[in-house]
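Trainee: To start, I am sharing the structure in question, which I have written as structure tokens.
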Amino acid sequence: MQATLTLDAGRAVIALVGNFTYEAHREFKQVTTAAVAAEGVTELDIDFDQVVYMDSAALGMLLLLNERAAGRKIKLSNCRGTVKSVLDIANFGKIFQIN
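Quick look at the structure:
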């Protein structure tokens, strides 16, 4: 998986490409750590547009991000198909805004 970070007016957009699995944990942590550390960021938007599969490790990474984000709003955008189903089954809509 590849993850790219774009910062724009208090918003950090992290675009994911590929399968979001345990193998992506180092890259995901590196990019999300940079996003959380960026000055003035109040919202994190994780863009799942190009992700077709995610595993339970990915769910754990999102929960860890939620802890590190320290109250910042986190949005999971462009979720569909299997990814949306996994997030729904895990009740992540109670934690994150999912689009």
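In this note's numbering, the protein residues as written are 1 to 99. Note that the Cβ used here is the ideal one computed from N, Cα and C, for glycine as well. This one's a predicted model, so the numbers in the text were calculated from it and none came from an experiment.
#1: Rounded to the nearest angstrom, what separates residue 41 and residue 35 at their Cα positions?
#2: Compute the Euclidean distance between the alpha carbons of residue 96 and residue 75, then round it to the nearest angstrom.
#3: Under the three-state reduction of DSSP, which class applies to residue 54: helix, strand or coil?
#4: Measuring straight from C-alpha to C-alpha, what distance separates residue 85 and residue 45?
#5: So, at 7 Å on beta carbons, what are the nonlocal neighbours of residue 24 in its own chain, with the 5 sequence-adjacent residues on each side left out?
#6: Can you give the Cα-Cα distance for residue 53 and residue 22, rounded to whole angstroms?
#7: Determine which residues share a DSSP beta bridge with residue 15 and list them.
#8: Just to confirm, are residue 51 and residue 7 a CB contact at a threshold of 7 Å?
#9: Let me make sure I understand the geometry here. Which of 5, 48, 12 and 39 has the alpha-carbon closest to that of residue 27?
#10: Hey, would you say residue 68 sits closer than 7 Å to residue 43, going by beta carbons?
Mentor: Put simply:
#1: 7 Å
#2: 6 Å
#3: strand
#4: Residue 85 and residue 45: Cα-Cα distance of roughly 19 Å.
#5: 1
#6: 12 Å
#7: 4 and 47
#8: No.
#9: 5
#10: 7 Å or more divides the Cβ of residue 68 from the Cβ of residue 43.
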